[in-house]
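Peer 1: Numbering follows full-length UniProt numbering, in which position 106 of the sequence shown is assigned residue number 106; successive positions increment by one, without gaps.
This is the structure I have questions about; it appears just below.
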Amino acid sequence: MSTAQMSRPPLHRRPENVPQAPLSWLKPKHWWQLWKGEDSSILTTSTRNSMLPVLIEVFAGFSKLDGEVEEGEIESSLGYLRYDYSGAIYADMRRLYFEALQQPQDLAQRAKELSNELTMEQKILLCVQLYLLISSSLTNQRQMVEFYLFMTNLGIAAQAIDIVYQLNAGDKPTEEDFTSKSGQPLETLRVGSGDACDVLLRSLSADCSVVAFRFQNLVLLKNTGGIPILVRSRRQPPGDFSRLYPGERVVLEDVTLDYNDLISYFNSKKTVTGSQLYLTLTETGDAEIAQQRGRGTNLRVSFGLGVTVEALRSTDATINGVALKEGTIVEASIEDSIIAQGEIEISLRDLRVRAQEFGGQFRLEGSRNTYLVSNKPELLDEGDILLSEDTEGEILLRIECNYSQKTGELEVLRSSRPIYVGQIPVRDRIMLSDGDTITLGEGQFLRCHFSDRIIEEERNTIRQMEVRELAHRFDGRDTALDGISFIARRGEMICVMGPSGCGKSTLLRVLGGQLKTRGGEVLMNSLSLYNNLHNLTPYIAYIPQEDAFDPLLKVQENLDFSVAVRCPHLKTEERRKRVEAKLAELGLADMRKRLAGTPQQKYLSGGERKRLNAGLDMIGISDVYLFDEPTSGLSSKDSEHVLEIIRSLARNKIVLTSIHQPSMRLLQMFDKALLLDKGGKLAYFGTPQGMIEYFWKAYNDETGQREAEMPGNLTPDFVFDVLETPLRDISGDIIQERSADGHLVAARRFPPNFWRDRYQSHLMLESMAKAQAFPGSTNLIARPREDTHTTGRSRTMPKPPKHTLREESILFYTLLKRAFLSKLRNRTNLLTTLLEAPLLGFLISSVLKYSEEESYTYATAFHIPTYLFMSLVVAMFLGLTNSADEIIRDRHTLSRERNHNLRTFYYLSGKIISLSTFALIQCFIYLLIGNNVLEIRDMFFVHLWWMFVTALTGICLGLVISSVVTDNRTAINAIPLILIPQIILGGALIKYEEMNKNLDFVYSMQRWLDKAGVTEESEPSKLKVPFICQFMPLRWSYEAMLISQAKLNPLTAAQDQLEARIQELVNLPKDIKMTSDQQRDLDAAKQGLAVVSGLYAKTEREAAAKLREIRDATMRGRVTPKLLQSALEQEDGVSAEEIYVNRKVLDLVTKAEMERTDYRRKIQPNVFFGTVKRYFGTDFDTLWINAMVIFMTLAVLITVIEISLRRQLTRV
C-alpha cells in the first residue's frame, strides 16, 4: 500500500440510493417561482421561503472566515450565484450578498437548516463549491475547521473528507489516485503531454498539465503543472483551483479547450461509445467524409479520449510518420494531422468537429439487447448510448433489440420533449422496424439499423453552403446578381461588402430563402435550398437592417416571444434559460425591464438596439445567420461590440454579414471577405488580407507602378479607392457620364465587368498552378470536403414532425399575448380608448338631442335614426383607425419569422381578438354616454352587439388595408375611401328612394327589359336597396340596428310575445276544442296585451318593472286580476310607449312594412327596414339575414387577409 493510501482518511462509498434525477432544486425555474412568490411542488414550505437567502448567507459567512473579504472570494460567490441561479435577478442576489457580508453569520445553524432540505447530491455540490471558495487562502486553519464543522452539521462529513482528499492528491497525482473508485464522488480527467494522461496533447510542455473534476454539470480545474495557465481569461498559478462555466475556455500554452470539449472528454471516458467517420482519399488529394463505410473508403477515424486511425485500404497517407497501409491502426492525438500526397494536411481536430456535427454512431453488441439512451451521462452505464452534449432538456429512453427479427421496441422512460417515431408521437412504448427514425427534437434524430447492429445519431446541421452561378434581374431593371459563386463552411464568418446598390441585401435575401433567383442555385449540405425550402429554412436566420422587434415591448419580452415562436417544442423552463443566457451574452441583462422603444424615444442606445435585433434570431436553432448591415449608424466601438457578439456565433455556425465599408479593425474580425461591385458582380472572395494584397497587386499592374513591397497600413478604403477609381481626362478632371436613371455620375476607370473578369482569371490561374503541382487535379482542397458528404445508405433529410397540440397552443398564445401587450403599451391607443369614444358619444348625442315638442322625450326625439347610424359610423371608424397600421408595423417581424413556419392564422387571430377587445371597450363607453344622454332605455346590449360587429368589420377592413399597402401614410389616406362611400350609401344620409336610380344596376336592367317588352311592366318599390349599396357593410348593420330598436325594445317585444300567444291559441285546429285552461290563457293574454299597450307609471323605472312583471306572468299563465287591476289604476304619469317607442323609428319601419305587404304587388319586395326578407320563396327574419351577411363579410375579409399575408410570407 502506498504512502498516500496509508495517510488517507477512512473512505466511504457514495450511497447507492442517491437520486439520479437532475437536481430540481437547482433549476432556475424554481428559484424564479420562489422570487415571484409562486408555489413549487419540489421544495418544502421553509425551503421556498428561505433557501436562497440561506445559501447567500452561507457564502457570505465563508467569504469572511479569515476576517477579510478578498476579491477572489467575492468573484467565486457571485459567479456561483450568477451561473447556477440564473432564474433569479442577479442584482437582487448581489444586494443580498452584500447585506449578508455586513452581518455575522451562524454557519452551524445554517448547516442544520439546509441538512433537512437538500439531497445527498445537492450537499456534495455545495461542498465542492464551498471548498473552491476557501481554497485560495487555506493558510488560515480556522477555515478548514469551519468547513469540516459545517459539513458535519450538513451530514456529509465523510464525503467532504473524500472530496478534499481527491482534490488535493498531490500536485502530481498517482495512477492509483485516479483508478480507485472507492470514495471518489468526483469524476477526474487528466490533460497533458504525458503518456498517463487521459487527454494526450503532445504539443504541451512537461510543465503544463491540468486535472479536471466533474460532478453533475460542475467542472473544476486544478493546475497540476509548473507554469500558470489561463482559465476564463484569468491567470491561474500552479496548484490553484478554478471553476469552468459553460461557454468559458481554458488556455494551455497554445492549446485552447472549452467547457464543451471537457464535457465531451468526460463522457468519452465514462462510456465506450464515441463518434467516428470514414474518409475516402481520392487520387487528386480530395478527402470525402462519410458517416458510413463506402466501397472506396480508405480510413476509419474514431474519436474518444484520443483518436484511433485505422487503414481499411492501403493509401499513401501517413500520420506521425507511420504509413497507413491496410490493417494499420494508429493511436493519435487530437493535435495530429493526416498527411496525404506528401503535403496535404487533414487536421484531426477539424475531423472531430465534423464527426460531432454528424452525430454519434453506436454499434450494438450481439451479447446485449437492451440499451439506455440519454443526454445525461449520470443516467447511463458503460456501453449505453450517450447523445450529443448540446441536446436540450432531459431524455431517457430504453431500446430493446431483436436482431433475428431485425426489429426493436422503444420505451420512453423520461423526456422533457415529445418523442416521435416517424410522424407518430410516443407516449409509452412502440415497436421499431429496421430503418425507423426516432425524432428527439428539432434537427436531431436516431436512425435504427438493426440488420447492421448500428444506431446512428443524425443532426440536421447545415455544414456547408455552396452558391453556384447566382444570377438575378428585377423586372425591367438592372442586373441585381451576376454569376456569383462561392462556398461558406461551418465556423466561418464572412463579410459581404461593396458599394451601395451592388446587391448585398439581395444576395442575403436569396441565401435566406426569401427571393428565388432566375439563375443558379443555393445548396445546403448538397441539397437545393429552393427544392427543400420547408425543411431547410428553419435553420436559416435572415436578420434585416431594420429593427424587427416590437418597440412597445420590453427587452426581455421581445426575447421571450422570439424563442417561443422559434422553439415552441422547448419547455417553459428551457426557453426561459435561453432568454437569461442570451440577455447576459448581449449585455442587456440590466435592461430587461426597459421598453425597446423607437430610435426617437432613445430608451436603448443604437448599439443596444442592434444587439437586441441580432439576439432575436441568435436565440433560435439556426445554423446559418445572415446579417444585413448590423453596424449601420453605429460608432466604431459599438460596431466592434456588435460584431464580437456575432463572431461568438461563428465558432460553429455559418455567418454572413453585410457591411457597406468596414474599417480595418472590423474587417480583421472576419474569416473571409466577399466583395461585390455594381450590378451584383463578384470582385473577390477570400481572406481579408488576401483581398488587400490582391487589389494592391491589381493597382500596380493596371497603373504600371512598381513598389518594392506592400505598405503595412493599407485599409479597406484602399480597396474601394481602387475599385471605384474615377476616369480622368488629359487635364486631370473627372469625366462625367449619365447613369441609367439619367443622373450625371463620375465615370469609372475600371468598370464592374473588369473586376469580375479579372477575378475569374485570377481563379483560373490558381487552378492551373495547382494542376501543375498535382497533375490531373483541377480542384485541390486542403481540408476535408463537406460538399461531397455521402453515406453508405441513400437517404434524404428526415422531415421534422408536425407540431403537437401543445406546441400549436404555445404559438397561438404567444402571438395573442404579443398582440395584446403591444396594444396595451401603446399610450396613444389607450388615450384613444379612454377619451375618443366618450368624447364622440357625448358630442353626437348632445347635438342630436332634439324634439319637435317643447319638452324632450324619447318618443318625440327627432334624430334617433341618425344617432343609431352615427353610432355605427363611429364603430366602423374606430375599427379602421385601430387596425390600419397593424400589419405594416409588424411587417419586418413577420418577414423575419417567415422561416420559422409562422402561423399566419394564429397571428391574424391574435390581432383580431386584441383589437376587438379594445373596440368592445370603446363601444361600451360610447353607448354608456350616448344612450343616457338621449334617454334610450334597456337597449344597451342590443346596440352594443351591432356596434361591436360593425367595429369588427372595420377592424378586418383596416387589416386588409394594412396587408396591402406598405406605409402608414397610405393606410391612413385609404380610410376615407373605405368609410365615406359607406356613409353615403348606408341609407341614412341619402334615402334610397331619393337616390339616383341609375346607380342601381338591377333597376336599370329591369327598366331596359320592360321597354323591350321582355317582361311585364311593373312599378318597382321605391324602398328597394340599390344593387351597389348591397356591398356596404354599414347598410346591413344600420338596417339591423334600427329594426332591433323598433322590434326588440321591451314594450314592442312584450306586445309581440303576447300577440304570438294569442295567435297560437286562436289558430288551434277546428277539430280540437279549446279547453278551459286554454280559454283562460287566451283571455289573460288579451287582457295583458291591452294593459301593456296602455301601461302608465309614475316613473320610467316603475313602468319598466310593471311591463316586465305583466309580460312574464302572462307568458307563464300566472296572470291574476289583481295584477292587471294594479296596472290599470295608474292613468297618468309616464306611459311605456313614451319610454320605449320612438316615432321616427316606428315611422320608418311601418312605412317599409306597408310597402312590403302591399296586396297590389304580385311579388313581395325586399325593402329597406322591412322586418322580413324573402329569398327562394321562404321568409327570413331580417335580423338573422343581416347578421349572416355581416358574418359572411367578416369571413371573406379574414380569408383575403390570410391569403394576402400567406402570399407575402411564402413568396420567393
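Heads up, the beta-carbon is just placed ideally off N, CA and C, and yes, glycines get one too.
Fair warning: this is a prediction, and the values are worked out from it, not measured in the lab.
Mapping DSSP to helix, strand and coil, what is L1197?
Peer 2: Helix.
Peer 1: In angstroms with no decimal places, state the Cα-to-Cα distance between residue 1213 and Y699.
Peer 2: Not covered by the structure: residue 1213. The range shown for the chain is 1 to 1212.
Peer 1: Hey, does F1191 have any beta-carbon neighbour from chain D nearer than 9 angstroms?
Peer 2: Chain labels in this structure do not include chain D; a single protein chain is all it has.
Peer 1: Does the distance from the CB of G879 to the CB of T814 come in under 9 angstroms?
Peer 2: In this structure, T814 does not lie closer than 9 angstroms to G879 by Cβ.
Peer 1: In this structure, how does DSSP classify G1088 when only helix, strand and coil are distinguished?
Peer 2: In the structure shown, G1088 sits in a helix (DSSP, three-state: H, G or I).
Peer 1: What first and last residue would you give for the beta strand (DSSP E) that runs through P499?
Peer 2: Looking at the DSSP string, P499 is not in any beta strand (DSSP E), and its letter there is neither H nor E.
Peer 1: Classify K602: buried if its beta carbon has 16 or more other beta carbons within 10 angstroms, exposed otherwise.
Peer 2: It counts as exposed.
Peer 1: What residue range is occupied by the uninterrupted beta strand (DSSP E) comprising A480?
Peer 2: Element bounds for A480: T479 to R489.
Peer 1: Under DSSP, the beta strand (DSSP E) around T188 begins and ends at which residues?
Peer 2: Here the beta strand (DSSP E) through T188 covers E187 to G192.
Peer 1: Look up E382 in the DSSP assignment and say whether it is helix, strand or coil.
Peer 2: It is coil, neither helix nor strand.
Peer 1: Considering Cα atoms alone, identify which of T857, S639 and I395 is closest to E1100.
Peer 2: E1100 has its Cα closest to that of T857, out of T857, S639 and I395.
Peer 1: DSSP puts E400 in a beta bridge; with which residues?
Peer 2: Beta-bridge pairing links E400 to T370 and E409.
Peer 1: Using alpha carbons as the reference points, say which of N260, V251 and L252 lies closest to Y245.
Peer 2: Of the candidates N260, V251 and L252, the one whose C-alpha sits nearest the C-alpha of Y245 is N260.
Peer 1: Could you check the C-alpha separation between G606 and F627 for me, to the nearest Å?
Peer 2: Taking the straight line from one Cα to the other gives about 16 angstroms.
Peer 1: Looking at the structure shown, is G1177 part of a helix, part of a strand, or coil, going by DSSP?
Peer 2: Of the three classes helix, strand and coil, the one that applies to G1177 here is coil, per DSSP.
Peer 1: Since F213 is in the beta strand (DSSP E), which residue starts that stretch and which ends it?
Peer 2: Looking at the DSSP string, the run of the beta strand (DSSP E) that includes F213 is V210 to F215.
Peer 1: Terminal residues of the continuous beta strand (DSSP E) containing H943?
Peer 2: No beta strand (DSSP E) holds H943; the alpha helix (DSSP H) holding it covers F940 to V964.
Peer 1: Please go through the same chain and pick out, in chain order, the residues whose beta-carbon is closer than 8 angstroms to the beta-carbon of L515, but skip the five residues on each side of it.
Peer 2: Once the five neighbours on either side are set aside, the close Cβ partners of L515 are H472, T506, R509 and V1212.
Peer 1: Which residue wins for smallest C-alpha separation from R903, given the options L816, P377, L985 and L821?
Peer 2: Among L816, P377, L985 and L821, the Cα nearest to that of R903 is on L816.
Peer 1: Thinking C-beta only, is S883 closer than 9 angstroms to G954?
Peer 2: Yes, Cβ-Cβ distance for G954 and S883 is below 9 angstroms.
Peer 1: Taking 8 angstroms as the limit between beta carbons, can you name the residues of its chain near A974, skipping five residues before and five after?
Peer 2: Taken in chain order, the residues that qualify are A884, I961 and V965.
Peer 1: Give the DSSP bridge partners of R748, in chain order.
Peer 2: DSSP lists P726 as partners of R748.
Peer 1: Based on Cα-Cα distance, which residue from L230, I1198, N267 and G239 lies nearest to residue 1215?
Peer 2: The structure shown has nothing for residue 1215, since the chain only spans 1 to 1212.
Peer 1: Could you give the distance in angstroms between the alpha-carbon of F147 and the alpha-carbon of V128?
Peer 2: If you take the alpha carbons of F147 and V128, they lie about 11 angstroms apart.
Peer 1: So what does M524 bridge to, in DSSP terms?
Peer 2: For M524, which the question treats as bridged, DSSP gives the partners M465 and L527.
Peer 1: Which same chain residues end up closer than 7 angstroms to K911 when comparing Cβ atoms and leaving out the 5 residues on each side of it in sequence?
Peer 2: Excluding positions up to five away in sequence, the list reads A819, E886 and L959.
Peer 1: Among the residues of its own chain, which have a CB less than 8 angstroms from the CB of M1032, if the five just before and after it don't count?
Peer 2: So the list reads P981, Q982, L985 and G986, once near-sequence residues are dropped.
Peer 1: With distances taken Cα to Cα, identify the nearest neighbour of M947 among L927, E574 and N713.
Peer 2: Comparing Cα-Cα distances from M947 to each of L927, E574 and N713, the minimum goes to L927.
Peer 1: Pairs of beta-carbons, one from the stretch 455 to 465 and one from the stretch 834 to 844, closer than 8 angstroms: are there three or more?
Peer 2: No, the stretch 455 to 465 is not in contact with the stretch 834 to 844.
Peer 1: Using C-beta distances below 7 angstroms, list every residue in its chain close to R235, excluding the 5 sequence neighbours before and after it, in chain order.
Peer 2: The residues are P228.
Peer 1: Which first and last residues belong to the alpha helix (DSSP H) in which N153 is found?
Peer 2: Residues Q141 to L154.
Peer 1: I'd like the span of the beta strand (DSSP E) that includes residue 1284, first residue to last.
Peer 2: Lying before the first or after the last residue shown, residue 1284 is absent from the chain, which here runs from 1 to 1212.
Peer 1: For R468, collect the residues of the same chain with a Cβ closer than 6 angstroms to its Cβ; drop the 5 residues on either side in sequence, then sort them by chain order.
Peer 2: Result list for R468: S485, G520 and E521, in chain order.
Peer 1: I need the straight-line Cα distance from V164 to Q122, nearest angstrom please.
Peer 2: Answer to the nearest angstrom: the Cα atoms are 17 angstroms apart.
Peer 1: In whole angstroms, what is the alpha-carbon distance linking L118 and N826?
Peer 2: Taking the straight line from one Cα to the other gives about 47 angstroms.
Peer 1: For S233, which residues of its own chain have a beta-carbon under 7 angstroms away from its beta-carbon, when the five flanking residues on both sides are left out?
Peer 2: Cβ within range, chain order: n/a, list empty.
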